[in-house]
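Peer 1: Chains as they are written, first to last, in the working numbering: chain L, 10 to 149; chain D, 9 to 368. Starting off with a structure, shown below.
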Amino acid sequence: MPYNILIVDDSRSMRKVIRKVLDLSGFQMGECVEAGNGREALELLESHWIDLVLSDIHMPVMDGIGFIRALRNNQSWSDLPVVFITTESNEDRLQEAMDLGAKGYIRKPFQPEEIRSLLCQIMGESDGVPRAFSDEGCDF
Amino acid sequence: MDCVELGATATPRKKIKVLIVDDSAIVRKIFSQELSRQEDIEVVGTAPDPYVAREKIVRLRPDVITLDIEMPRMDGLSFLRKLMKYFPVPAVIVSSLTPKNSEMALEAMECGAVEVLAKPGGSYSVGDMSVQLVEKIRAASQARLSPVQQGGATSPQKPGHAEWSKALRTTTHKIIAMGASTGGTEALKSVLTQMPPTSPGIVVVQHMPPRFTTAFAERLNSLCDIEVREARNGDSVLPGLALVAPGNYHMLLRRSGGTYCVEIKNGPLVCHQRPSVDVLFHSVAQHAGSNALGVIMTGMGKDGAKGLLEMRQAGAHTIAQDEASCVVYGMPREAVRCGAVESVVSLGEIPRTVLRILSS
Numbered sequence: 010m011p012y013n014i015l016i017v018d019d020s021r022s023m024r025k026v027i028r029k030v031l032d033l034s035g036f037q038m039g040e041c042v043e044a045g046n047g048r049e050a051l052e053l054l055e056s057h058w059i060d061l062v063l064s065d066i067h068m069p070v071m072d073g074i075g076f077i078r079a080l081r082n083n084q085s086w087s088d089l090p091v092v093f094i095t096t097e098s099n100e101d102r103l104q105e106a107m108d109l110g111a112k113g114y115i116r117k118p119f120q121p122e123e124i125r126s127l128l129c130q131i132m133g134e135s136d137g138v139p140r141a142f143s144d145e146g147c148d149f
Numbered sequence: 009m010d011c012v013e014l015g016a017t018a019t020p021r022k023k024i025k026v027l028i029v030d031d032s033a034i035v036r037k038i039f040s041q042e043l044s045r046q047e048d049i050e051v052v053g054t055a056p057d058p059y060v061a062r063e064k065i066v067r068l069r070p071d072v073i074t075l076d077i078e079m080p081r082m083d084g085l086s087f088l089r090k091l092m093k094y095f096p097v098p099a100v101i102v103s104s105l106t107p108k109n110s111e112m113a114l115e116a117m118e119c120g121a122v123e124v125l126a127k128p129g130g131s132y133s134v135g136d137m138s139v140q141l142v143e144k145i146r147a148a149s150q151a152r153l154s155p156v157q158q159g160g161a162t163s164p165q166k167p168g169h170a171e172w173s174k175a176l177r178t179t180t181h182k183i184i185a186m187g188a189s190t191g192g193t194e195a196l197k198s199v200l201t202q203m204p205p206t207s208p209g210i211v212v213v214q215h216m217p218p219r220f221t222t223a224f225a226e227r228l229n230s231l232c233d234i235e236v237r238e239a240r241n242g243d244s245v246l247p248g249l250a251l252v253a254p255g256n257y258h259m260l261l262r263r264s265g266g267t268y269c270v271e272i273k274n275g276p277l278v279c280h281q282r283p284s285v286d287v288l289f290h291s292v293a294q295h296a297g298s299n300a301l302g303v304i305m306t307g308m309g310k311d312g313a314k315g316l317l318e319m320r321q322a323g324a325h326t327i328a329q330d331e332a333s334c335v336v337y338g339m340p341r342e343a344v345r346c347g348a349v350e351s352v353v354s355l356g357e358i359p360r361t362v363l364r365i366l367s368s
């Protein structure tokens, strides 16, 4: 089932990495769009039908916490699944994000299989044999 | 001018492109088979779940979708809300007749779906359903979806209660008859929620399958100041009460001593419909004459036009919903065409117009 994904991160290279990992993971992606912060993400949601969001926590303009709070306050997106991608330095804010209804989190660095397994679980997909995942693995 | 010429050359009518969204393979097969017999309909695809449906809607651009309200992984309502936001397309809701699903189907209409079809069950055969399916797809293909209607955001000025009670003090012998089809559930909601408890008795025909009419009346009852219920045979038509004709039966107005009551009865389809607006309006013309006020609202076809003309000829005031506020401007157009209509007004203006007429 192809899912439309929104990646929110202020680092362009990180967005690229996440997209690449998603590709490798074998999780079935439909449309994939990127935003540099929460504000941009909210704007993108107006015109894109998104099934799943992968978001950084620390970002300029509107951080991940402000973003998920805005989603929960909007009827159109109150149940949109959000997964945070976090580093050690975000740890203190992670609980806050989870309390606001995040579906899960992934710590950097992460493995493709880890991301696939979490996203499949969230979307109620059976985590079968991935299409494009190679055994070699790769850390990001 | 180019547009005119283009329109003129496009006379061979394009087929209505339909996408069937249903998790049951049997339903997808039956629908495809039944629809492929129609010359004006083409099934461009089927989808077993909302995610596949989305992909096919984007790729195949159907004119109408049929949508099962209960599907795995994303319920039909969530899907419909998103669909109306990102890729609005007229949707015919397909639902079983359970009370829970009837309510969901009504909610779907509030989210922007334009028709509801009952799944076969009991005495309601696949053959019966097929006839309805084709009719509803044709009606839906004519529907105009405006963003304003979808949100139900328009809140027309509600006449104050003082204004109403003054106008209606002497009108207990009056009655209001309304008829609607495609888009009618939302249009009737908009009008009836503005009627005050002092309103004359109201009789309503909305083309809808049985049981859905029950849920519809219950829903309106929870939203309106007046009482709304599905009509039972012999119910009196009283001020502050609206009676909704039950699906699969005709409703007729009858006189009983000094008051009016309704008769609920079986009978052949009239204008392909049961309940039929014409049947109700005809009986209203006969029994209430100039004490009645008739309103014909959004819907495909011509049901109600003839009956409204009879009402007008019997001295009743007659109103038609205008083209701009109709989801499908069919029944009101026919009524206007045959000279049955006195005033053409927008949906938001119907309550005020009724008030003005009743107080004059």
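Glycine included, C-beta positions come from ideal geometry on N, C-alpha and C.
By how many angstroms is the C-alpha of Q104 of chain L removed from the C-alpha of A99 of chain D?
Peer 2: Approximately 41 Å between the Cα atoms of the pair.
Peer 1: Which one of L:P11, L:L15, L:V30 and L:R21 has the shortest CA to CA distance from P118 of chain L?
Peer 2: The shortest Cα separation from P118 of chain L among L:P11, L:L15, L:V30 and L:R21 belongs to L:V30.
Peer 1: Taking the straight line between their C-alpha atoms, what separation do you get for L231 of chain D and T221 of chain D?
Peer 2: Approximately 15 Å, taken between the alpha carbons.
Peer 1: Let me make sure I understand the geometry here. Which of L:D88, L:N13 and L:V91 has the alpha-carbon closest to that of S56 of chain L?
Peer 2: Looking at the Cα atoms, L:N13 is the closest of the given residues.
Peer 1: Any contact of the region 101 to 112 of chain D with the region 124 to 133 of chain D, i.e. 3+ C-beta pairs under 8 Å?
Peer 2: Short answer: they touch.
Peer 1: Going by CA-CA distance only, name the one from L:K25, L:G45 and L:L61 that's closest to I131 of chain L.
Peer 2: Measuring from the Cα of I131 of chain L, the nearest candidate turns out to be L:L61.
Peer 1: For a test of your reading of the model: does the CB of A151 of chain D fall under 7 Å from any non-hydrogen atom of the ligand FMN? Yes or no.
Peer 2: By its list of ligands, the structure shown contains no ligand whatsoever, and the ligand FMN lies outside what it can speak to.
Peer 1: Check whether the Cβ atoms of R152 of chain D and V362 of chain D lie closer than 8 Å to each other.
Peer 2: No. Outside cutoff.
Peer 1: Roughly how far, in whole angstroms, is the beta-carbon of V211 of chain D from the beta-carbon of I358 of chain D, given that I think they are within contact range, below 8 Å?
Peer 2: The Cβ separation is near 16 Å, so there is no contact.
Peer 1: Which first and last residues belong to the alpha helix (DSSP H) in which I358 of chain D is found?
Peer 2: From DSSP, the alpha helix (DSSP H) with I358 of chain D extends over I358 to S367.
Peer 1: Got a sec? Which residues, its chain only, sit under 6 Å from T96 of chain L by beta carbon, not counting five neighbours each side?
Peer 2: The answer, listed in chain order, is K117.
Peer 1: Could you spell out where the beta strand (DSSP E) holding A126 of chain D opens and where it closes?
Peer 2: E123 to A126 is the extent of the beta strand (DSSP E) around A126 of chain D.
Peer 1: Do A188 of chain D and T74 of chain D come within 8 Å of each other at the CB atom, strictly closer than that value?
Peer 2: No. Outside cutoff.
Peer 1: At a CB-CB cut-off below 9 Å, which residues of chain L make contact with E118 of chain D?
Peer 2: None at all; the shortest Cβ gap to chain L is about 13 Å.
Peer 1: Evaluate the contact criterion for the region 21 to 40 of chain L versus the region 81 to 91 of chain L: three or more CB pairs, one atom per stretch, below 8 Å.
Peer 2: No: the two stretches stay apart, fewer than three of their Cβ pairs being nearer than 8 Å.
Peer 1: Within 10 angstroms of the Cβ of D83 of chain D, are there 16 or more other Cβ atoms? Answer buried if so, exposed if not.
Peer 2: Exposed, because fewer than 16 other Cβ atoms sit within 10 Å of the Cβ of D83 of chain D.
Peer 1: If we ignore side chains and look at the alpha-carbon of each, how far apart do A113 of chain D and A111 of chain L end up?
Peer 2: Looking at the two C-alpha atoms, the distance is approximately 30 Å.
Peer 1: Which value, in whole angstroms, describes the spacing of the CA atoms of A313 of chain D and R89 of chain D?
Peer 2: About 34 Å.
Peer 1: Which of helix, strand or coil does DSSP assign to V287 of chain D?
Peer 2: Helix.
Peer 1: Could you give the first and the last residue of the continuous beta strand (DSSP E) run that contains D76 of chain D?
Peer 2: Start and end: V72 to D76.
Peer 1: Using only the alpha-carbon positions, how far apart do P276 of chain D and Y257 of chain D sit?
Peer 2: Each residue's Cα considered, the two are about 9 Å apart.
Peer 1: By DSSP, does A151 of chain D sit in helix, in strand, or in coil?
Peer 2: Note: A151 of chain D maps to coil in three-state DSSP.
Peer 1: Out of curiosity, what's the CA-to-CA distance linking R25 of chain D and R67 of chain D?
Peer 2: The sequence given here places Lys at residue 25 of chain D; Arg does not occur at that position. Spanning the two alpha carbons is a distance of roughly 12 Å.
Peer 1: So, using beta-carbon positions, are P107 of chain D and V213 of chain D closer together than 8 Å?
Peer 2: Not a contact, by the Cβ cut-off of 8 Å.
Peer 1: Could you tell me how far apart the beta carbons of E43 of chain L and R24 of chain L are, in whole angstroms, since I believe they sit closer than 8 Å?
Peer 2: Correct: roughly 5 Å between the Cβ atoms.
Peer 1: Assuming I399 of chain D and F39 of chain D make a contact with CB atoms under 8 Å, what is their CB distance in whole Å?
Peer 2: With chain D running from 9 to 368 in the structure shown, residue 399 of chain D is simply not present.
Peer 1: Under a Cβ-count criterion, where at least 16 other Cβ atoms within 10 Å of its own Cβ denotes burial, should A55 of chain D be classed as buried or exposed?
Peer 2: Classification of A55 of chain D: buried, given that the 10 Å Cβ count is 16 or more.
Peer 1: Quick check on the DSSP output: the beta strand (DSSP E) that includes N274 of chain D runs from which residue to which?
Peer 2: Here N274 of chain D belongs to no beta strand (DSSP E), and DSSP marks it neither H nor E.
Peer 1: Take the Cβ of A422 of chain D as the centre, count every other Cβ of all protein chains shown within 10 Å, and call the residue buried at 16 or more, exposed below.
Peer 2: Nothing can be reported for residue 422 of chain D, as the shown portion of chain D is limited to 9 through 368.
Peer 1: Does S85 of chain L have its Cβ less than 8 Å from a Cβ in chain D?
Peer 2: Taking Cβ atoms only, chain D reaches closer than 8 Å to S85 of chain L, which makes this a yes.
Peer 1: Please identify the residue among L:I124, L:D108, L:M107 and L:L109 whose C-alpha is closest to the C-alpha of I115 of chain L.
Peer 2: Of the listed residues, the one whose Cα sits closest to I115 of chain L is L:I124.
Peer 1: Near T267 of chain D, what residues of its chain come up, given a Cβ to Cβ distance below 6 Å and the 5 sequence neighbours on each side ignored?
Peer 2: If we look at T267 of chain D and ignore the five residues flanking it on each side, its Cβ neighbours are S244.
Peer 1: Give every residue of the same chain whose Cβ lies closer than 8 Å to the Cβ of A239 of chain D, excluding the five residues on either side of it in the sequence, and list them in chain order.
Peer 2: Around A239 of chain D: V211, L251, V252, A253, P254, M259, V270 and I272.
Peer 1: Along the alpha helix (DSSP H) that carries L53 of chain L, what are the first and last residues, could you check?
Peer 2: G47 to S56 is the extent of the alpha helix (DSSP H) around L53 of chain L.
Peer 1: Ends of the beta strand (DSSP E) at S264 of chain D?
Peer 2: H258 to S264 is the extent of the beta strand (DSSP E) around S264 of chain D.
Peer 1: Going by other Cβ atoms of all chains shown within 10 Å of its Cβ, with 16 needed for buried, is E194 of chain D buried or exposed?
Peer 2: Classification for E194 of chain D: buried.
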